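Asker: Mapping the sequence shown onto our numbering, position 29 (from 1) lands on 39, and the numbers just tick up by one.
Heads up, the beta-carbon is just placed ideally off N, CA and C, and yes, glycines get one too.
This structure is a prediction, so every number in the text was calculated from the model and none was measured.
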Amino acid sequence: MAMIEGFTRRETLDLTATTSNRLQYLERCQLVVPHRISKSRRPTVIYTWEQVLEIRAIKNLREVISLQTVRSIIKFLDESGFDDSLRDKQLVVIDEEVIWVQQDWKDFADKLPSALKVAGHKNKDVGQYLLVVIPPLSQIVNEVWLAAEKSTVVHFESFKQRAKAKPTQVA
11 MAMIEGFTRR ETLDLTATTS NRLQYLERCQ LVVPHRISKS RRPTVIYTWE
61 QVLEIRAIKN LREVISLQTV RSIIKFLDES GFDDSLRDKQ LVVIDEEVIW
111 VQQDWKDFAD KLPSALKVAG HKNKDVGQYL LVVIPPLSQI VNEVWLAAEK
161 STVVHFESFK QRAKAKPTQV A
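(1) List, from N- to C-terminal side, the beta strand (DSSP E) runs of 3 residues or more that fit wholly inside the stretch 39-84.
(2) Tell me which residue opens and which closes the beta strand (DSSP E) that residue 101 is part of.
(3) Pairing CB atoms from the stretch 46-54 with CB atoms from the stretch 76-86, are three or more of them under 8 Å?
(4) Alpha carbons only, please: which of 50, 49, 67 is nearest the one belonging to residue 42?
(5) Give the range of the alpha helix (DSSP H) segment to which residue 107 is assigned.
(6) Go through its chain and collect everything with a Cβ distance to residue 59's Cβ below 8 Å, but skip five positions before and after it.
(7) According to DSSP, what are the bridge partners of residue 18?
(8) Have a look at residue 37 and residue 61 and give me their C-alpha separation to the nearest angstrom.
(9) With a 10 Å radius around its C-beta and 16 neighbouring C-beta atoms as the bar for buried, classify residue 166 as buried or exposed.
(10) The alpha helix (DSSP H) spanning residue 168 covers which residue range?
(11) How many Å lie between residue 69 and residue 152 at the Cα?
(12) Using only CA atoms, which one of 64, 78, 48, 109 lies nearest to residue 28?
(13) So which of 177, 161, 170 has the shortest CA-CA distance to residue 23?
(14) Within its chain, find whatever has a CB closer than 8 Å to the CB of residue 72; leave out the 5 residues flanking it on each side and keep chain order.
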């Protein structure tokens, strides 16, 4: 039997700690669109590793901001010519404002990481650069690995082969 390249809907629900309704909504809004295998009435739905991380990133953001704000961030990134995925963005939420920290460590000696405001109350000052510090993307990867390890749905050995990033060890 060939190994599935991505993750089934059920595995994705377990790995992302989200609901079936949320997955349907993300697809309906074209934020995360899974691959469907077969054209039957109930096709197998497959999510990529990147989509699992994206859903988890959106879920984490939803704990502090509205889905409307998440959508406005994605719209701003897209319209400004940036990659609109959230999974690899370091975002800081302060009150109703969202700041994207852009780190380019190769020039760190010459320039500090920059922070771009991507959402805020009444969209005031969106697009302005600021300076803040937050934790890295590795936290999302670690959360997904922990969910897989605890899952009764996801076969952990199979997950290890399908996951495209390894968890980081915390000292």
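Answerer: This is what the structure gives:
(1) 45-47, 54-57
(2) 100-104
(3) no
(4) 67
(5) Unbroken run through residue 107 is the beta strand (DSSP E), 107-112; no alpha helix (DSSP H).
(6) 16, 17, 172, 173, 174, 175
(7) 56
(8) 11 Å
(9) exposed
(10) 166-172
(11) 15 Å
(12) 64
(13) 161
(14) 80
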